[in-house]
Amino acid sequence: MAKIIRPNLVNTVRSSEISAILRWGALFAVLLAGAAGLLLAKQYLPAAVCILILPISLPLAKKQIGVIRAGADGEAETLRLLRKLPADWTVIPDAVIEYRGHRSQTDYILIAPAGVLILEAKNVSGKVTGRAEDRELSQYKPSRGGRPAEQKRMYNPLLQVKGHQTTLQNILRAAGLSVPVRTAVYFANPNAEVHIDGAVNVFTVHDSQSLDQSMRRLLGNGEKVDTAAVIRAVKQSFSK
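FYI, the numbering for the sequence shown is 3 to 242, going by the numbering used here.
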């Protein structure tokens, strides 16, 4: 089982979910209290407005919390798969690394005896299409359960992880380490259908190999890496 090093004591995605629940809960409490106070003061029109806002806000709250929760669930499942990696591997999830004022928020940094890899995980659903060099990809969600079809754009995670790669390479180089940094993207949502022309090292839950098997293949062979020195350099780069 791989070693997990968490730079944050609190899972930021889960904490975002809790924060969203608290924010919406506070809003609903204020609206209810306001409506009650206005009714007692016989201010019926303002009270009616407060009451009408509640059913309008509830679907928005459910959607926002649902999106955050899905992301947290996808993160937990991805980390569960990465834990299956060998004991001499180290996984650093949810790290913000910094080099000369430039910050990169990485999803997972994998440090293995034969190399280093940054894994960008996405929990989006629907059909994702585009080209590897495109700045944005197209995301299409078909209509379902009364929900209308949705078409939108998303920033290309292949370009996103390339930026993280540059930051980490600079950090390791500054520490006197000549270690190649590989990159990969993982679509963790089973409802995602991904077609990115020209893309390499893009994985989904539907692949014949599991995520941990794919990572073993990518980092299975290569020059011996001083993993302890790499871990120290990465830890020292954590953004305060």
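Glycine is no exception: its CB is placed at the ideal position from the N, C-alpha and C atoms.
Please read all numbers here as calculations on a predicted model, not as lab measurements.
Asked, Found
"Leaving out five residues before and five after Ala231 in sequence, what residues of the same chain have Cβ atoms less than 8 Å from its Cβ?", "Ala177, Leu179"
"Would you identify the three-state DSSP class for His208, choosing helix, strand or coil?", "coil"
"What residue range does the alpha helix (DSSP H) around Asp75 cover?", "46-84"
"Which of the three DSSP states, helix, strand or coil, is assigned to Lys164?", "helix"
"Between the alpha carbons of Arg71 and Ile23, how many angstroms are there, rounded?", "11 Å"
"In or out: His166 buried (at least 16 other Cβ within 10 Å) or exposed?", "buried"
"Using the Cβ count rule (16 or more neighbours within 10 Å means buried), how would you classify Gly76?", "buried"
"In angstroms, rounded to a whole number, what distance separates the CA positions of Ser241 and Glu100?", "6 Å"
"Just to confirm, is the Cβ distance from Ala186 to Val207 under 9 Å?", "no"
"Contact between the stretch 128-139 and the stretch 148-158: three or more CB pairs below 8 Å?", "yes"
"Between the C-alpha atoms of Val181 and Lys226, what's the straight-line distance to the nearest angstrom?", "9 Å"
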